[in-house]
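Novice: Mind having a look at this structure? Questions to follow.
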Amino acid sequence: MIHLLNIDLAAVDWARAQFALTAIYHWLFVPLTLGLAVVMGIMETQYYRTGQEFWKQTAKFWQKLFGINFAMGIATGLILEFEFGTNWSNYSYLVGDIFGAPLAVEGIVAFFMESTFVAVMFFGWNKVSKGFHLASTWLTGLGATISAWWILVANSWMQHPVGQSFNPETMRNEMTSFAEVALSPVAVDKFVHTVLSAWVLGAVFVVGVSSWYLLKQRHLEFARKSLRIGAVFGLISSALIMLSGHHSAYTVAQTQPMKLAAMEALYKGGVDQPLTLIAGINPFVQPDYETQDEAPLKLAVPYALSFLATNDMNGYVPGIRDILDGYTKPDGTQELSLDEKIERGRAAIAALADFRKASEKDSSLFTLHSSLEENMPYFGYGYVQDRAQVVPYIPVCFYAFRVMVGGGCLFMLLFLIASFKPSLFGRKWWGAIAIACIPIAYIVSEAGWLVAEFGRQPWTIQDMLPTWVGVSQLGSSAVMITFFLFLILFTTLLAVEISIMIRAIKDGPKMKSEE
Amino acid sequence: MKWLRDIWHLYYDGFRSMTLGRTLWTVIFIKLFIIFVVLKFFFFPNYIKEHAEEGKEAEFVYNQLKVEN
Chain P
1 MIHLLNIDLA AVDWARAQFA LTAIYHWLFV PLTLGLAVVM GIMETQYYRT GQEFWKQTAK
61 FWQKLFGINF AMGIATGLIL EFEFGTNWSN YSYLVGDIFG APLAVEGIVA FFMESTFVAV
121 MFFGWNKVSK GFHLASTWLT GLGATISAWW ILVANSWMQH PVGQSFNPET MRNEMTSFAE
181 VALSPVAVDK FVHTVLSAWV LGAVFVVGVS SWYLLKQRHL EFARKSLRIG AVFGLISSAL
241 IMLSGHHSAY TVAQTQPMKL AAMEALYKGG VDQPLTLIAG INPFVQPDYE TQDEAPLKLA
301 VPYALSFLAT NDMNGYVPGI RDILDGYTKP DGTQELSLDE KIERGRAAIA ALADFRKASE
361 KDSSLFTLHS SLEENMPYFG YGYVQDRAQV VPYIPVCFYA FRVMVGGGCL FMLLFLIASF
421 KPSLFGRKWW GAIAIACIPI AYIVSEAGWL VAEFGRQPWT IQDMLPTWVG VSQLGSSAVM
481 ITFFLFLILF TTLLAVEISI MIRAIKDGPK MKSEE
Chain F
1 MKWLRDIWHL YYDGFRSMTL GRTLWTVIFI KLFIIFVVLK FFFFPNYIKE HAEEGKEAEF
61 VYNQLKVEN
C-alpha cells in the first residue's frame, strides 16, 4: 500500500520534491503579476478618460504593488531550467528541441517587451504622453501574459505531446509542427484557465487590500472605487473561469483520462456518472481502487461528471480500473489495456536498441524505424513494472481539485457581495473575510497546479517518459542539499516581499487631497 | 538624436529618483548573484556535459535509458 508519509527518499523523489518546491514558490509571484497587470491598466484607463488626479494616484499605487511583486518574482522561474539540466538530464535531452523554441520566444518577449514598457510605466510619468504611457502599462501586462503563454505551451506539451517525432539517431523528440505544439487544445485550455485564475487572484488581492483601508477608515474614496473595480473584474473573471474549467475538464478527459479518474476517485467508470462533491478518502493512504467500486461516504451531483467530461449528461467516463484493463470508447474504438501498452512500450525499447545497433547499410533499418514509430506513443510503458506505478496519488488529486473548485465558488460569492453590497466590507467581519481571502486565493491557485501536475504522474512526458527514467543518475544527498537551499532562499524572498508589500500598503496611495 | 537623449533621460532620471526602487533593485541583484553565480556554478552543472563525451551525448542518453530498463 502506498502511504504518503512513507516516501522513498531516492534521488527521483528529491528531484520531484525540489521541482515542485521551485514551481510552487515561482507560482506565488506570477499570478499576482498577471492579475494586477489588468487592474493597473483599468485604473490608468480611468485616468486617461477622466484626466482626474485621483485615478492617476490610484493607478500609481497598484503599479507600485505590481512592481514589488514583479521584482521579487524575476528569475525565480529560471531555476527550473537549471533543474532540468542537472536533475532531469535524460528528460531535458529528449525534449530539448521541442522546448527550445517556446522558451527562446518567452525569453525574448519577457526581456525586450516587459523590460522596455515596465521602464516607461515607472519612469515615464510626465515624460511621455498620457496615451503612450497608458499603452506602455497595458503592454507591460500583455508582455507578462505572452510570457506565460510560452511557458504554458511547454508545460502542455508534456501533458499532451503533439507536433513531434522521435529521432532514434539523435535521441531527441524533434518538432514537426510549431503550430501543433503552440496551439494544441491542451495549451489553449491551460493558458486560458491559468490566466483567468491569475485574474481572479489579482481581483481577490484588490478587494482584500481595499477592505483593509475601509476597516482602517483610510483612503476611503480610493478603497471604495478600487473595491468596486476589483469586484467587477473578479466577477467577470470568475464567470469566464467556470466556462474554461468545464472545457479544461473535457480536454483532460480526452487526453489524460487517468488524471480525471484520480481527481474524481473514480475507480469503476460507466455512463451517467455523478460528480463527487465530497467523499471519505484518507488523505494519507492510496485508496484500494482495485477492489472498491467507489469511494466511501460519497456525496455527488447526478450526471454532472458525464456532462463535464463528455458534454453529454449520459456520457461514458472510464474509471481507474477501466483504464488499466482497457475499455471501448464511445466511438467504438478500443483503448488498450495497461498490459498491452507495456507490450507496445517494450517493443519500442527493443526497436530502439536494434536500430542503434544496426549499421547504416543494414536493410532492417527501415523496418526497425517503422516499428519504433508505431510503438513510440507507448515508449514509457516499457519501463512500467506494475499497475500501481501508473496511478497518480489519488488523495492529493481528489482534495486539491475540490480546494480549487470550492475556492473558486467562494471567490465568486465574495465578488458578488462586493459588487452589490460594497458597504458591507467596511464592517469588521466582512472586511476580515475579504482580507483572509488573499492567502486562500494563493492556496487555491497552487491547488490548481497540484491537480495538473500530481494528476499526470508518473509521466514527465505523457505515456512516453516516466519520472524514474527522465531523472539523472545522481545521489539523493546532492539533490536534497539543493532542495533545502531553495527552501531557505525562496522563504527569505517571500518574507522580504511580504514585508515590503505590507509597508507599501500601510503607506497607501499618495492622494493630493490627503497630503 | 533627440530621441536617444530622451531615452537616456527617461532611464537616468528614473533611476536617480527611485525610492522604493533602490530596495527592489538591491534585492534583484542579490537574488541574481545567488542564482547565477552560487547556484548555477556550484550546485547546478549540466549533467550530460559533465558526464558525456563531446559529440556522444545521444549515445550517453541512450545508455542511461538502457540502464533503467
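Going line by line, the protein sequences match chains P and F.
Under my numbering, the first residue of the first sequence carries the number 1, and numbering increases by one thereafter.
Under my numbering, the first residue of the second sequence carries the number 1, and numbering increases by one thereafter.
Ideal placement from N, C-alpha and C gives every residue a C-beta, glycine not left out.
Computed from a predicted structure; not experimentally measured.
May I ask you to report which of helix, strand or coil DSSP gives residue 459 of chain P?
Specialist: Three-state DSSP puts residue 459 of chain P in a strand.
Novice: Is the separation between the beta-carbon of residue 355 of chain P and that of residue 336 of chain P shorter than 9 Å?
Specialist: In this structure, residue 336 of chain P does not lie closer than 9 Å to residue 355 of chain P by Cβ.
Novice: DSSP on residue 335 of chain P, reduced to helix/strand/coil?
Specialist: Residue state, collapsed to three classes: strand.
Novice: Which residues of chain F have a Cβ atom closer than 7 Å to the Cβ of residue 90 of chain P, listed in chain order?
Specialist: Chain F residues near residue 90 of chain P: 61, 64 and 65.
Novice: On the three-state DSSP scale, how would you describe residue 453 of chain P?
Specialist: Reduced to three states, the DSSP call for residue 453 of chain P is helix.
Novice: Are the C-beta of residue 21 of chain F and some C-beta of chain P separated by less than 9 Å?
Specialist: So, interface residue.
Novice: Thinking C-alpha only, which one of P:202, P:182, P:13 and P:106 is nearest residue 88 of chain P?
Specialist: Ranking P:202, P:182, P:13 and P:106 by Cα distance to residue 88 of chain P puts P:13 first.
Novice: With 8 Å as the C-beta to C-beta threshold (strictly closer), list the residues of the segment 24–40 of chain P near chain F in chain order.
Specialist: Those would be none; no residue qualifies.
Novice: Quick check on residue 79 of chain P: buried or exposed, where buried means 16 or more other Cβ atoms within 10 Å of its Cβ?
Specialist: It counts as buried.
Novice: Excluding sequence positions up to five away, which residues of its chain have a Cβ less than 7 Å from the Cβ of residue 10 of chain P?
Specialist: Around residue 10 of chain P: 476.
Novice: Can you tell me where the beta strand (DSSP E) with residue 90 of chain P in it begins and where it stops?
Specialist: Element bounds for residue 90 of chain P: not the beta strand (DSSP E) but the alpha helix (DSSP H), 89–108.
Novice: Quick check: residue 231 of chain P and residue 414 of chain P, are their CB atoms within less than 9 Å of each other?
Specialist: Yes.
Novice: Would you mind reading off the limits of the beta strand (DSSP E) that contains residue 167 of chain P?
Specialist: Residue 167 of chain P -> beta strand (DSSP E) spans 164–167.
Novice: Would you call the segment 115–124 of chain P in contact with the segment 190–208 of chain P, where contact means no fewer than 3 C-beta pairs closer than 8 Å?
Specialist: No, the segment 115–124 of chain P does not touch the segment 190–208 of chain P.
Novice: Kindly indicate which three-state DSSP category residue 277 of chain P falls into: helix, strand or coil?
Specialist: Strand at residue 277 of chain P.
Novice: Could you give the DSSP three-state label for residue 327 of chain P: helix, strand or coil?
Specialist: Strand, per DSSP.
Novice: Bridge partners of residue 172 of chain P, per DSSP?
Specialist: Beta-bridge pairing links residue 172 of chain P to P:167.
Novice: How far does the alpha helix (DSSP H) with residue 384 of chain P in it extend, from its first residue to its last?
Specialist: Counting along the chain, residue 384 of chain P falls outside any alpha helix (DSSP H), and DSSP gives it neither H nor E.
Novice: Excluding sequence positions up to five away, which residues of its chain have a Cβ less than 6 Å from the Cβ of residue 46 of chain P?
Specialist: Contacts found: 55.
Novice: Can you pull out the residues from the segment 44–57 of chain F whose beta carbon lies closer than 7 Å to at least one beta carbon of chain P?
Specialist: Under the 7 Å Cβ criterion, the segment 44–57 of chain F contributes 44, 45, 46, 47, 48 and 57.
Novice: On the three-pair Cβ rule with 8 Å, is the segment 69–77 of chain P touching the segment 20–36 of chain F?
Specialist: The segment 69–77 of chain P vs the segment 20–36 of chain F: in contact.
Novice: In the segment 20–41 of chain F, which residues sit with their C-beta less than 9 Å from some C-beta in chain P, listed in chain order?
Specialist: Correct list: 20, 21, 23, 24, 25, 27, 28, 31, 32, 34, 35, 36, 38, 39 and 40.
Novice: Does DSSP put residue 465 of chain P in a helix, in a strand, or in coil?
Specialist: Three-state result, residue 465 of chain P: strand.
Novice: When the cut-off is 9 Å and only beta carbons count, does residue 472 of chain P lie next to chain F?
Specialist: Closer than 9 Å: yes.
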